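Residue numbers (the UniProt record's numbering): 1 to 386.
This is how it looks when you write it as C-alpha cells:
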C-alpha cells in the first residue's frame, strides 16, 4: 500500500515551478485527522503488506508536531505491525534542525532534500516568500547530513531556465559526496525547441560524466539512467499506476482522499475523506469522462519507458485527459530515451554490473527482454565486443 500524507499545504518557499502555484492553501493536518487517516490506512491494508508512507507538504516540517506524531502513533497504537511501515519524506531543508535529523535517523525515514544545485541555480526558481536568500541555511543543514554520514538523496528540478546548468550541478553534488541524485524534469514547464536543444547538449555531457564517474561507483545513483534500466531490460506493456485505488492513496491536510499529488485539492477528483467514506464509484465515473477512446501513446516506440504512458494525472494536468499526453512530455522523454540508449549500449559493451545484473534477473525469473534492449545487445555483439 502506498500512501502520501500532506501534513500541510503551506510552504516557506515560493517556487516558480510548483504545480500547485498560487492555489496553495494554508491548512495544516490536525492530530485528530492524522489518527483517523492512520486508522483508515491500517484497516484497509491487506494483511502483512508493507505500507509505504510518504510525508509531504507544502513543506512538511512546517507541521513538525504532526511529523513527529505520525511516527509516535504508529510506534504506540500499531506497535504490532510497525515493522510493515516504511517512511519517506521530502523537505526543502530550511527547518532541518538537529532534533529533526536525529528523529529521521532513529526512525529510518528515507530522506530527500529538494535543492536544485548551487546558489545561483537554486535561487533562479526556489525563492523564499520574504525575498531573503535562504541558501546558506539549506547548505548548512545539508552539510550536517554529510558530516553525520546520513543517507539522503537530493531532488533537483530541471526547468527551461536552468537546463544549461544540469551537468554543472550534478557534478557539484557528486563532488560534495552526495551519492543519490534524482533529477525531476519540469513536465509542466514551457520547453521550446531552444531549451530542448540545450537539454540535449547537456545530456550528451552528462552521459560522459555518468559513464566515467557514477556508473563504476556501486553506491552512486543518478535516476535519469539508473531508474530507467529495468524499463529497457524487462519487456512489459506500459501500464498506468494504481492511482485511485485504496492501494495508492493521497490524503491532503484536511483528511480528503485524492488519487494523485498532481490533482490533490482538485474537487473534481476528491474521493471522500476520513470523515465520510472512500468513493471508488465516483472516481470511476470521473475517469470515464476524462479518457479518449484511444491513447495517444498507442503506437509510440518509447511508450515502454515514457512517463506519458504511465502517469495519467500528469497527462490530465496538461491536456485534460488521462490517456493523452502533452507535446512537452514527448519532447522531454524522447530526448531522455535517446541518451538512455547510448548509455545502456556503453554499459553493456563494458559488461557493467548496473545492466548485467538486471539482465541476469530477467534470465533467472524468465522475464522476456525488451525489444530496444535486444537491439542494443545485438549491435554490440555484432561488433564482437561482448
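Ideal placement from N, C-alpha and C gives every residue a C-beta, glycine not left out. On a predicted model such as this, the values are computed, not experimentally measured, just so you know.
Limits of the unbroken beta strand (DSSP E) element including residue i
i, result
"residue 85", "85 to 91"
"residue 182", "180 to 185"
"residue 387", "This structure cannot settle anything about residue 387, because the visible part of the chain is limited to 1 through 386."
"residue 354", "That residue, residue 354, is in no beta strand (DSSP E); its alpha helix (DSSP H) goes 353 to 364."
"residue 248", "248 to 251"
Beta-ladder partner(s) of residue i, from DSSP
i, result
"residue 380", "Answer is none; residue 380 lacks a bridge partner."
"residue 337", "Paired residues: none, contrary to the question."
"residue 342", "DSSP output for residue 342 lists no bridge partner at all."
"residue 388", "As displayed, the chain neither begins before 1 nor continues past 386, which places residue 388 out of reach and without an answer."
"residue 369", "234"
"residue 387", "Because the chain spans 1 through 386 in this model, residue 387 falls outside it and cannot be assessed."
"residue 272", "278"
Burial state of residue i, where buried means 16 or more other Cβ atoms lie within 10 Å
i, result
"residue 59", "buried"
"residue 277", "exposed"
"residue 384", "exposed"
"residue 46", "exposed"
"residue 155", "buried"
"residue 98", "exposed"
"residue 56", "buried"
"residue 262", "buried"
"residue 114", "buried"
"residue 210", "buried"
"residue 370", "buried"
"residue 227", "exposed"
"residue 301", "exposed"
"residue 207", "buried"
Span of the alpha helix (DSSP H), counted from its first residue to its last, around residue i
i, result
"residue 67", "64 to 77"
"residue 317", "312 to 319"
"residue 167", "166 to 176"
"residue 195", "193 to 209"
Assigned secondary structure, residue i (DSSP; H/G/I helix, E/B strand, else coil)
i, result
"residue 402", "Coverage of the chain is limited to positions 1 through 386, which leaves residue 402 absent and any answer about it impossible."
"residue 14", "strand"
"residue 240", "coil"
"residue 326", "coil"
"residue 283", "helix"
"residue 188", "coil"
"residue 135", "helix"
"residue 227", "coil"
beta-carbon residue i near the ligand SAM non-hydrogen atom, thresh 7 Å
i, result
"residue 323", "Because no ligand of any kind appears in the structure shown, any question about the ligand SAM cannot be addressed here."
Anticipated Cβ contact below 8 Å, residue i with residue j, distance rounded
i, j, result
"residue 238", "residue 311", "Wrong, their Cβ atoms sit about 10 Å apart, outside the cutoff."
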